[in-house]
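Going by this note's numbering, the first residue of the sequence shown is number 524, and it counts up by one from there. For every residue, glycine included, the Cβ atom is placed at its ideal position computed from N, Cα and C. Each remark here refers to the structure printed beneath this line.
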Amino acid sequence: MSDGVLTTERSRPPSLLGVGTVVWLASELMFFGGLFAAYLTLQSNARVWPPADVHLELLAATIATLVLIASSGTMHLATRAREQGDRQLMQRWLIVTVSLGALFLANQAREFFVLDFSVSSSGFGSMYYLMTGFHALHVLAGLVLIVVAIVITTGPGSLERRGPIVESVSYYWHFVDVVWILVYATLFLLR
Numbered sequence: 524m525s526d527g528v529l530t531t532e533r534s535r536p537p538s539l540l541g542v543g544t545v546v547w548l549a550s551e552l553m554f555f556g557g558l559f560a561a562y563l564t565l566q567s568n569a570r571v572w573p574p575a576d577v578h579l580e581l582l583a584a585t586i587a588t589l590v591l592i593a594s595s596g597t598m599h600l601a602t603r604a605r606e607q608g609d610r611q612l613m614q615r616w617l618i619v620t621v622s623l624g625a626l627f628l629a630n631q632a633r634e635f636f637v638l639d640f641s642v643s644s645s646g647f648g649s650m651y652y653l654m655t656g657f658h659a660l661h662v663l664a665g666l667v668l669i670v671v672a673i674v675i676t677t678g679p680g681s682l683e684r685r686g687p688i689v690e691s692v693s694y695y696w697h698f699v700d701v702v703w704i705l706v707y708a709t710l711f712l713l714r
């Protein structure tokens, strides 16, 4: 304690990249908030929601959701390994995260081709494809960012200097996962 202020190892100022990521994620939260508001508005004005001819694959969506939640866990393990300075373990966990995210995205793509309704079949169809489609684009962007983080942290040089990219990408990835849980609950459970 110096001058009445407790200092700790974790009291270093946040990285500008981390602060920028959090500010950007706030704007993304507003974007998805608008999608949820549109969904709830359409739902409140519909007599039957979703339409009787809409059949969602609850089991596949639930398994994909669990895979995405697991990827949040592996991303957390990657950031912990970075904090401990273990580059190889961090990169292994990042690769596992990419693999799990790719499995989730593959299920989304599969659903787009096998579902028995389309974006133009009803208000529900429009909102389903908008919400899941924009989320899928965010997952794809997250996968690209994780690969970029793996590349940036590869090779010689201080992990401490290159590490903030992993922390920022983890903020984004956890955000994408939380948004999916809300999308999943809205589309598949709170019908």
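Leu-713 - DSSP class collapsed to helix/strand/coil: For this step, residue 713 is matched to residue 190 along the sequence shown. If DSSP states are grouped into helix, strand and coil, Leu-713 belongs with coil.
Is Gly-608 close to chain C, meaning its C-beta is less than 8 Å from at least one C-beta of that chain? The structure shown contains no chain C; it is built from a single protein chain.
Of all the alpha helix (DSSP H) runs that stay within the bounds of the stretch 576-647, which reach a length of 4 or more residues? 581-606, 610-637
With Gly-543 as the anchor, note down where its alpha helix (DSSP H) starts and where it stops. Within the sequence shown, numbered from 1, the residue matching residue 543 stands at position 20. Per DSSP, Gly-543 belongs to the alpha helix (DSSP H) from 539-567.
Within its chain, find whatever has a CB closer than 7 Å to the CB of Leu-668; leave out the 5 residues flanking it on each side and keep chain order. By 1-based counting over the sequence shown, the position of residue 668 is 145. Excluding residues within five positions, the ones whose Cβ falls inside 7 Å are Val-692, Tyr-695.
When Glu-606, Gly-665, Val-689 are compared against Thr-676, the one with the closest alpha-carbon: Here the question's residue 676 lines up with position 153 in the sequence shown. That would be Val-689, whose Cα lies nearest to the Cα of Thr-676.
For the 8 Å Cβ check, are there 3 or more pairs between the stretch 559-579 and the stretch 644-652? In this structure the stretch 559-579 lies against the stretch 644-652, because at least three pairs of beta carbons, one per stretch, are closer than 8 Å.
Quick check: what's the CA-CA separation for Leu-589 versus Ala-672? Position 66 of the sequence shown, counting from 1, holds the residue named residue 589. Position 149 of the sequence shown, counting from 1, holds the residue named residue 672. When the Cα atoms are used, Leu-589 and Ala-672 turn out to be separated by approximately 24 Å.
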